[in-house]
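Mind the numbering: the sequence shown is residues 184 to 465 in our numbering, read in order.
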Amino acid sequence: MDNVAKLKRLAQRHTVDTRRGERIVWRRFGDGPPLMLLHGGHGSWLHWARNIQALSRAHAVWVPDMPGYGDSATPAEPTLASIVCALEDTLGQLVGSDTSVHLVGFSFGGLVAANLARNRAKVSSLPLLGPAGHGGNRRPRAELKSWRAAHEQHDHAALGAAMRHNLWTHMLHDAASVDDTALHIHTQACLRARFRSKPISRAGDLPGLLAGYSGPLLLAWGEHDVTAEPSRAVQVLAHGRRDCRTCIVPGAGHWVQYEAAAETNALLLHWLESAEQRHQEN
């Protein structure tokens, strides 16, 4: 977990209040064109633990705990719109409402990013990793285990076993990827999650949202992502788009940017560079 400790030391922490009084915590790394990273449901900013340093070499990386997660306040209302509003408000305070930003989203964060891309005037590109809301089939590996009783009873062994099982079942494909760092990140994020994203993620609103966004779009999944059938999701979400790249990362599960960090970092950096070049040419 040395990398997590290092990231916490390197982070420039910004606590920003929305106009409705919600306190949202952002962390910034590096300098350059602004890049926003949105974590998944039952997640935190550390969903990007293996990506922040690589991406921050060329960008100002802004990573929030979304409302209802981690260090941020619970959203004013238990809705997706409330989360989007709080992030849009506080991002505008941090980088300016007229500043072009890359919006990168993972899982539920992909759905949030798509909403922001539809609302925000200037979006450099929209890379989505294993995005929720696609409306297609899922392919569950096994049943998730409940961990709340173990937590309430302070049974650390049972809590760890349930979290490890759930990571392998839902987030990571290779059992060897369920390491101590992944277990720590996932456990702490689950314990602090106060927003229920599952019904929103399953609602299937992403295709309609993307229809309202005409800019550069990157869609990527791990080959073994249990939340989607990647080849089918590609057909639905990329159909008819002129400026869209799709990628299925071999050997990886849902948490693709953790399990296949090197491949995902290279994919994102190349995509971001090409998107910025096209923007300058236009």
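Backbone N, C-alpha and C define an ideal beta-carbon position, used for all residues, glycine too.
Can you name the start and end residues of the alpha helix (DSSP H) that A340 belongs to?
-> Here residue 340 is taken as the residue at index 157 of the sequence shown, counted from 1. Start and end: 339 to 349.
Please classify H407: is it buried, with 16 or more other beta-carbons within 10 angstroms of its beta-carbon, or exposed?
-> Residue numbering aside, residue 407 sits at position 224 when the sequence shown is read from its first letter. So H407 counts as buried.
Using CA coordinates, which residue listed in R424, D363, G313, G395 is at the minimum distance from N298?
-> To locate residue 298, count along the sequence shown from 1; it is residue 115. Minimum Cα distance to N298 is reached at G395.
May I ask you to list the residues that DSSP assigns as paired with V246?
-> The sequence position of residue 246 within the sequence shown is 63, counting from 1. According to DSSP, which records beta bridges pairwise, V246 is partnered with R210.
Exposed or buried, L309, counting other C-beta atoms within 10 Å across all chains shown (16 or more means buried)?
-> Against the sequence shown, residue 309 aligns to sequence position 126. Buried, since its Cβ has 16 or more Cβ neighbours within 10 Å.
CA-to-CA distance, E260 to A386, given in whole angstroms = For the purposes of this step, residue 386 is taken as residue 203 along the sequence shown, with counting starting at 1. For the purposes of this step, residue 260 is taken as residue 77 along the sequence shown, with counting starting at 1. The alpha-carbon atoms of A386 and E260 are separated by roughly 18 Å.
Exposure label - L311; buried when at least 16 CB within 10 Å | In the sequence shown, the residue the question calls residue 311 occupies position 128. When all chains shown are included, L311 counts as buried.
Beta-bridge partners of A403, as assigned by DSSP | Residue mapping note: residue 403 aligns to position 220 of the sequence shown, counting from 1. In DSSP, A403 forms a bridge with L312, C430.
What did DSSP end up calling R375 once you bin it into helix, strand or coil?
-> As a working mapping, residue 375 is identified with position 192 in the sequence shown. Note: R375 maps to helix in three-state DSSP.
Sort out for me which residues DSSP pairs L366 with in a bridge.
-> Here residue 366 is taken as the residue at index 183 of the sequence shown, counted from 1. According to DSSP, L366 bridges with nothing at all.
Looking at the structure shown, is Q336 part of a helix, part of a strand, or coil, going by DSSP?
-> As a first step, residue 336 is located in the sequence shown; it is residue number 153 there, counting from the start. Q336: coil per DSSP, three-state reduction.
Measure the alpha-carbon distance for G251 versus S380 and round it to whole angstroms.
-> Here residue 251 refers to the residue found at position 68 of the sequence shown. Here residue 380 refers to the residue found at position 197 of the sequence shown. Their backbone Cα atoms lie some 10 Å apart in a straight line.
Those residues which DSSP pairs with T198 across a bridge = Position 15 of the sequence shown, counted from the start, is the residue given in the question as residue 198. Note: T198 is bridge-paired with V208 in the DSSP secondary-structure output.
Can you tell which of T198, L350, R377 has the C-alpha that lies nearest to the C-alpha of T364?
-> Working through the sequence shown from its first residue, we reach residue 364 at position 181. With distances taken between CA atoms, T364 lies nearest to L350 out of T198, L350, R377.
Per-residue DSSP class, three states only, for G223 | Within the sequence shown, numbered from 1, the residue matching residue 223 stands at position 40. In this structure, G223 counts as coil in the three-state DSSP scheme.
Contact belief for A188 with R321 at Cβ below 8 Å, rounded distance in angstroms | Counting from 1 along the sequence shown, the entry for residue 188 is found at position 5. Counting from 1 along the sequence shown, the entry for residue 321 is found at position 138. About 35 Å separates the two Cβ atoms, so there is no contact after all.
The beta strand (DSSP E) enclosing G288, as first and last residue numbers = Translated into positions along the sequence shown, residue 288 becomes position 105. Here the beta strand (DSSP E) through G288 covers 284 to 289.
So E271 is in the alpha helix (DSSP H); what residue range does that whole segment cover?
-> Here the question's residue 271 lines up with position 88 in the sequence shown. Its alpha helix (DSSP H) spans residues 263 to 278.
Report the option in H369, G391, L238, A341 whose CA atom is closest to the CA atom of H422.
-> Here residue 422 is taken as the residue at index 239 of the sequence shown, counted from 1. With distances taken between Cα atoms, H422 lies closest to G391.
Own chain residues within Cβ distance below 6 Å of A241, not counting five before or after | In the sequence shown, residue 241 corresponds to position 58, counting from 1. Once the five neighbours on either side are set aside, the close Cβ partners of A241 are G215.
Continuous alpha helix (DSSP H) stretch holding D357: start and end = What you label residue 357 is simply residue 174 of the sequence shown in a count that begins at 1. Segment: none, D357 is in no alpha helix (DSSP H) and carries neither H nor E.
In this structure, does DSSP put S414 in helix, strand or coil?
-> Walking along the sequence shown from the start, residue 414 turns up at place 231. Looking at S414 - three-state DSSP - the assignment turns out to be helix.
Which residues share a DSSP beta bridge with L218?
-> Taking the first residue of the sequence shown as position 1, residue 218 is located at position 35. Beta-bridge pairing links L218 to V244, H285.
DSSP on L409, reduced to helix/strand/coil?
-> Translated into the one-based positions of the sequence shown, residue 409 becomes position 226. Per the sequence shown, the amino acid found at residue 409 is Val instead of Leu. Three-state DSSP puts V409 in coil, outside helix and strand.
Closest by CA to A243, which one among M249, A194, W438?
-> To locate residue 243, count along the sequence shown from 1; it is residue 60. Looking at the Cα atoms, A194 is the closest of the given residues.
Can you give the beta carbon distance from V267 to M219, rounded, assuming they're within the 8 Å contact cut?
-> Stepping through the sequence shown from its first residue, residue 267 is reached at position 84. Stepping through the sequence shown from its first residue, residue 219 is reached at position 36. Not confirmed; about 12 Å, so no contact.
DSSP state of S307 mapped onto helix, strand, coil | Taking the first residue of the sequence shown as position 1, residue 307 is located at position 124. In the three-state reduction of the DSSP assignment, S307 falls in the strand class, which pools E and B.
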